[in-house]
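Worksheet: one structure, shown below.
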Amino acid sequence: MDVVTKPITPFDGQKPGTSGLRKKTRVFMQPGYLEAFVQATFNAIGGVAGKTLVVGGDGRYFNAEAIQTILRMAAAGGAARAIVGQNGLLSTPAASNLIRQRGADGGLILSASHNPGGIDEDFGLKYNISNGGPAPESVTTAIFDQTKTLSEYKTLAAADLDLSALGESGLGTMVVEIVDPVTDYAALMETLFDFGAIRDLLAGGFTVKFDAMHAVTGPYAKAILEGTLGAPEGTVLNGTPSVDFGKGHPDPNPIWAKPLVDMVMSEDGPDFAAASDGDGDRNMILGRGVYVTPSDSLAVLAANAHLAPGYARGLAGVARSMPTSRASDRVAAKLGIGSYETPTGWKFFGNLLDAGKATLCGEESAGTGSDHVREKDGLWAVLLWLNILAVRKASVADILLDHWQTYGRDYYSRHDYEAVDTGIANAIMDDLKAMTELPAGIEKIDSFAYTDPVDGSVSENQGMRIFFADGARAVLRLSGTGTEGATIRVYLERYVGPDGSLTEDTQAALAPLVQAVENLTGLKARTGRAAPDVMT
Ligand code: G1P
Ligand code: ZN
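Remember, this note's numbering sits 581 above the position in the sequence shown when you count from 1.
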């Protein structure tokens, strides 16, 4: 075996963010850049000798080339086995499942999630640990430390492998096993949901559209929805993964999936529609005439999960990220189960899931999932919704209204200001933090800190929370996944009880709150923006 050791000078800024290292593709393509981060990761986990790693990604530009590099480096490091999705494809939840099912030591997932792909767009790489979940902060900090001191990396002088050929081959002393990316994931879904009931629903004329946004979920959705569940061909839209996601933005929200939203809002639209993102972990849920906010979706799923066989025994608890609306807390309170508020990022749910404290988790950013894997899971959320619809035999709109009439409604929206000057963004946050005298109508402002109830680790500075006297809440935080300047996220929510006005337009219902945040922070004035770039 021809192991080659190459000298390297550390690169600045290889600090993993909310979800691994995200950079412009050309940054990742610089000689040695990817290698430095991969070697730092291997060093941080005590090397890969004798280990089994799962490797795959969302198929974006540079995915396949990066996998070849990673495989050579894993082989040079003495890894025993690499389990790789065919053609380098694995959705993030499917990778998480493979790590768990195969008892792997960890995995490398190549994705920049919902960010566009292409040579001038974004690329990303993250490490997941043996529970199948994103590496916790202790590991990502160790990786970052390694990136600062690295002086060499090891690779193998070997040709590229054929990633399309299923089965085992050798790379140095490492076994490379190419697997179908869908099979094991689809089998897992079948253990959780009543596929018979969903099949009957679809056979009865209930219509579904699923927009894979030219990203990784296409093959999964086609196999499960159109294959196993018998939905008609054409149910899955944009179902062939492409390296640049059809030049689109694979982000399942009302802006980037507008054609789907327009379709479902029309008179003859489908009964149910959904979309997923670049790497398949996010979801957007729609019914004819309605958009279900991710926060509401988490709450509705929590209230109805027992209708699916995999959750018939009930839930241990529900966890949500701090900026996610408090709708799921109300369900947890009624069910008498635990509810948890964690910092943004799926890695914070890992301990709660492992310890059996939470069964369902969700984030306002279109992420929902459960203890079946250790990542959020777009198609899983779609299938759970379909299972619930099949049992309740009601429309999405009716289920949502019924939910609000039971628990009240948390009007909710997120306003993003993108590519803001970093200095201005930091100053806005610092000023909020330093505020001692609160204007009338504001009860409390705090900087969210989280103490993990399982391992006691503390994460500070996770966003500024503004609590209003009338029960409304606003949260400001800076994105940890952006690749250009700073992105300020403003999360807005206002609660109305079951007897209140439940069907107002969301932005209209939140307008006074938007004004109150502006009065407090001067955000629009200071950034020179008339309106947010994105409203979800
Ligand atoms: C964003 C979302 C967050 C999610 C993350 C990874 O992070 O807000 O909920 O976990 O992407 O998908 P942010 O850019 O806000 O740091
Ligand atoms: Zn994603």
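Note that beta-carbon positions come from the ideal geometry of N, C-alpha and C, so glycine has one too.
Would you tell me roughly how many angstroms separate the C-alpha atoms of residue i and residue j, rounded to the nearest one?
| i | j | result |
| --- | --- | --- |
| residue 1029 | residue 1058 | 10 Å |
| residue 756 | residue 663 | 6 Å |
| residue 530 | residue 837 | Absent from the structure is residue 530, since the part of the chain shown begins at 582 and ends at 1117. |
| residue 721 | residue 1100 | 37 Å |
| residue 975 | residue 774 | 18 Å |
| residue 841 | residue 1037 | 43 Å |
| residue 629 | residue 623 | 6 Å |
| residue 1018 | residue 1093 | 21 Å |
| residue 979 | residue 881 | 12 Å |
| residue 822 | residue 968 | 26 Å |
| residue 621 | residue 740 | 23 Å |
| residue 585 | residue 656 | 11 Å |
| residue 1048 | residue 1055 | 7 Å |
| residue 1181 | residue 816 | Within the shown structure, residues of the chain are numbered from 582 to 1117, placing residue 1181 beyond reach of any answer. |
| residue 768 | residue 783 | 20 Å |
| residue 694 | residue 651 | 19 Å |
| residue 1007 | residue 598 | 17 Å |
| residue 613 | residue 930 | 33 Å |
| residue 1117 | residue 1075 | 15 Å |
| residue 1031 | residue 1107 | 30 Å |
| residue 1000 | residue 661 | 43 Å |
| residue 653 | residue 1088 | 51 Å |
Taking 7 Å as the cut-off, does the CB of residue i come closer than this to any heavy atom belonging to the ligand ZN?
| i | result |
| --- | --- |
| residue 694 | yes |
| residue 673 | yes |
| residue 863 | yes |
| residue 792 | no |
| residue 1027 | no |
| residue 1012 | no |
| residue 859 | yes |
Would you say the beta carbon of residue i is closer than 7 Å to some non-hydrogen atom of the ligand G1P?
| i | result |
| --- | --- |
| residue 994 | no |
| residue 837 | no |
| residue 733 | no |
| residue 976 | no |
| residue 948 | yes |
| residue 1085 | no |
| residue 876 | no |
| residue 901 | no |
| residue 907 | no |
| residue 728 | no |
| residue 798 | no |
| residue 1060 | yes |
| residue 816 | no |
| residue 600 | yes |
| residue 990 | no |
| residue 927 | yes |
| residue 944 | yes |
| residue 1070 | yes |
For residue i, name the three-state secondary structure that DSSP assigns.
| i | result |
| --- | --- |
| residue 996 | strand |
| residue 590 | coil |
| residue 1054 | strand |
| residue 1027 | strand |
| residue 735 | strand |
| residue 797 | coil |
| residue 715 | strand |
| residue 553 | The shown model of the chain, from 582 to 1117, leaves out residue 553, and the question about it has no answer. |
| residue 1045 | strand |
| residue 912 | helix |
| residue 1106 | helix |
| residue 869 | coil |
| residue 700 | coil |
| residue 1007 | helix |
| residue 878 | helix |
| residue 709 | strand |
| residue 728 | helix |
| residue 836 | coil |
| residue 616 | helix |
| residue 1099 | helix |
| residue 854 | strand |
Is residue i near the ligand MN, going by C-beta to nearest heavy atom under 7 Å?
| i | result |
| --- | --- |
| residue 891 | Of the ligands this structure carries, namely the ligand G1P and the ligand ZN, none is the ligand MN. |
- Counting pairs of Cβ atoms below 8 Å between the region 931 to 938 and the region 745 to 761, do you hit three or more? no
- Three or more C-beta pairs below 8 Å linking the region 984 to 993 and the region 867 to 885: yes
- Message: Give the list of continuous beta strand (DSSP E) stretches no shorter than 3 residues that lie fully inside the region 620 to 693.
- Response: DSSP runs (the beta strand (DSSP E)) wholly in the region 620 to 693: 633 to 638, 662 to 670, 687 to 691.
- Would you check if the region 855 to 871 and the region 731 to 745 touch, i.e. whether three or more CB-CB distances between them fall below 8 Å? no
- How about the region 941 to 956 and the region 887 to 907: do they share at least three Cβ pairs that are nearer than 8 Å? yes
- Would you list, in sequence order, the uninterrupted beta strand (DSSP E) runs of no fewer than 3 residues that lie entirely inside the region 743 to 810? Annotation: the region 743 to 810 contains the following complete segments of the beta strand (DSSP E) (minimum length 3 residues), in chain order: 748 to 752, 755 to 760, 789 to 792.
- Below 8 Å, can you find three or more Cβ-Cβ pairs linking the region 701 to 710 to the region 910 to 926? Touching, no.
- State whether the region 823 to 832 contacts the region 802 to 813, with contact taken as three or more CB pairs (one from each stretch) at a distance under 8 Å. The region 823 to 832 and the region 802 to 813 do not touch, with fewer than 3 CB-CB distances between them shorter than 8 Å.
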